[in-house]
Structure formats: structure tokens, C-alpha cells
Amino acid sequence: KATLTKHGGSMGTPGSVNYLFERKAVFQFDKYNDELIDLALNSDCLDILESNQSVTFEFPPSDFKNMNERFNNNSFVPSNAEIAQIPNVGVVIDMEKFKSVSKLISALEDLDDVQDVYSNFDIEEKELEALLSE
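Next comes the structure, spelled out in C-alpha cells:
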């Protein structure tokens with residue numbers, strides 16, 4: 001609570017932001033091909049997110065063990081596999097707010113009794129590029 005207050009936040013009641021997130025089984029692969037995508041599509045895949053060199057699959061959390069086994073049995077080893085809280089809707093924030101939120105997240109992650117920190121913020125790509133070029 002002290003960390004939240006120090007960074008301008010406040011403690012909500014337990015479960016007060018549950019509606020903003022959905023638990024999902026998440027598997028990320030740094031290398032992928034059509035066979036991997038077909039395996040996910042022929043399973044109970046909820047979403048596929050592709051980036052430059054990686055792909056992320058989202059499944060119902062109850063499918064985590066089964067999909068982890070299926071991927072590994074087909075020689076597809078994920079670079080990351082977890083059950084995570086995925087935001088339903090992102091909130092766009094500006095650079096100033098991003099810096100503040102980043103400090104808060106960093107402080108929360110440094111606490112010994114915090115296991116995971118999830119957020120639902122988005123930042124405009126041009127603002128992120130400006131921050132990275134600083």
C-alpha cells in the first residue's frame with residue numbers, strides 16, 4: 001500500500017479490477033512456421049499475436065497443461081509459457097503518465113511479496129519511439 005501511495009496510486013478492494021482482465025494460457029515462440037500455427041488453430045486457440053520474429057498464442061487457462069504437452073510433443077518449445085492476466089481493453093496514456101506508471105511498476109516488481117504485475121496501458125508508438133531515442 002505504501003508503494004502505491006508513494007507513486008500516486010491507491011489500493012482498490014480485492015477483485016475491483018478483475019473485469020479489466022481475463023486469465024489466459026499464453027505461449028510465446030521466438031521461431032515459428034505454418035505447422036506450429038496449424039497446431040494452434042486446430043486446438044482451442046483464442047488469439048494469435050504475431051510480431052517481427054515471434055508469435056504468441058492465447059488459450060483458455062484450463063488448456064495450459066494440454067497445450068504445453070502438445071507443443072512439446074511436436075518439438076515446439078515455447079520461449080515463454082504461463083497463465084497470465086490479459087487486458088480486455090487498453091488505456092492510452094501519454095509520455096508523462098507512462099514514466100510515472102513505469103516507476104510504479106518497477107517499484108511493485110521490486111517488492112519481495114509481489115509475484116506478478118499486470119497492466120492495461122498502451123502508449124502511442126511515436127511516443128514510445130521518442131522515449132527509446134532519448
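Following this note's numbering, the residues of the sequence shown are numbered contiguously, the last one being 134.
Just so you know, even glycine gets a beta-carbon here, dropped at the ideal spot from N, CA and C.
Source: prediction; values computed, not measured.
message = Short of 7 angstroms in beta carbon distance, which residues of its chain neighbour D47, apart from the five on each side in sequence? Order them along the chain.
response = E58
key: Closest Cα partner of D30 within the set D94, A81, D122, T3   = A81
ask   = beta strand (DSSP E) containing L20: first to last residue?
value = Segment: none, L20 is in no beta strand (DSSP E) and carries neither H nor E.
ask   = Quick one: is M67 buried, meaning 16 or more other Cβ sit within 10 Å of its Cβ, or exposed?
value = buried
ask   = How would you label P78, buried or exposed, when you count the other beta carbons within 10 angstroms and need 16 or more for buried?
value = buried
query = Does the separation of the CB atoms of Y118 and Q85 fall below 8 angstroms?
reply = yes
query = What do you get for A2, buried or exposed, if any count of 16 or more other CB atoms within 10 angstroms of its CB means buried?
reply = exposed
Distance between beta carbons of G8 and S100, contact taken as under 8 angstroms = 7 angstroms
ask   = Which runs of the alpha helix (DSSP H), 4 residues or longer, sit entirely within the segment 72–115?
value = 95–110
query = Heavy atom of the ligand NAP less than 7 angstroms from the Cβ of N42, yes or no?
reply = Absence of the ligand NAP from the depicted structure is noted, as is the absence of any ligand whatsoever, leaving it without description.
Which of helix, strand or coil DSSP assigns to D30 = coil
Residue from I83, V92, E129 with nearest C-alpha to P61 = I83
query = Roughly how many whole angstroms lie between the Cα atoms of S43 and E134?
reply = 43 angstroms
6 angstroms CB neighbourhood of F27 in its chain, flanking five on each side removed = F57, P78, A81
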